[in-house]
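Visitor: Its first residue numbered 1, the sequence shown is counted upward by one per residue in full-length UniProt numbering. Quick one: this structure, given as structure tokens, is what I'll be asking you about.
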Amino acid sequence: GARCCAGCGTKILDRYLLHALDRYWHNGCLKCSCCQATLADIGMSCFAKAGMILCRNDYIRLFGTSGACSGCGQMIPANDYVMRAAQNVYHVKCFACVKCHSQLVPGDRYNLVNGSVLCEQDCLKMLKGSPATVRKGKVRAAIKV
């Protein structure tokens, strides 16, 4: 017989259905709890944690990293643009040099020194004679999560 959709509660009469979390769904009813993206449209996987069904990006944002901005420590809402450096995620406005506080934009060169973001100029000043661990990067466009 026809199965009932866990999303909308109606019978699934479609040729194809989704099976996730031991429940059945219409293709259009299985959505990310954060961004509301229809999961069938964005990939072959979904993630479940803390009572939520999540797309890959939101799962990583919430649970793969702390879900908090590495600059200010505040949560990053779903659909916000973010800047990434190594394993760190930042609000766009928080991706700034810790010394001169200038916001880094796409095209700027930066360095991660012991986990802190430094513009290229401040990094060069600071590193003269310092045994710090440096990871260089170039700012790419902000990405939406």
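The beta-carbon is built from N, C-alpha and C at its ideal position, and this holds for glycine as well. Bear in mind that the values here come from a model prediction, so they are computed numbers and not experimental data.
#1: Could you tell me the alpha carbon to alpha carbon distance between D122 and C72, rounded to whole angstroms?
#2: Rounded to the nearest angstrom, what separates V82 and L54 at their Cα positions?
#3: How many Å lie between L17 and N57 at the Cα?
#4: Helix, strand or coil for I76 per DSSP?
#5: If I follow the unbroken beta strand (DSSP E) through M83, where does it start and stop?
#6: Can you list, in chain order, the stretches of the beta strand (DSSP E) that have 3 or more residues and sit fully within the segment 16 to 57?
Guide: In this structure, then:
#1: 20 Å
#2: Near 18 Å, if we compare the C-alpha coordinates of L54 and V82.
#3: 23 Å
#4: If DSSP states are grouped into helix, strand and coil, I76 belongs with coil.
#5: First-last of the beta strand (DSSP E) with M83: 81 to 85.
#6: 18 to 20, 23 to 25, 47 to 49, 52 to 54, all fully within the segment 16 to 57.
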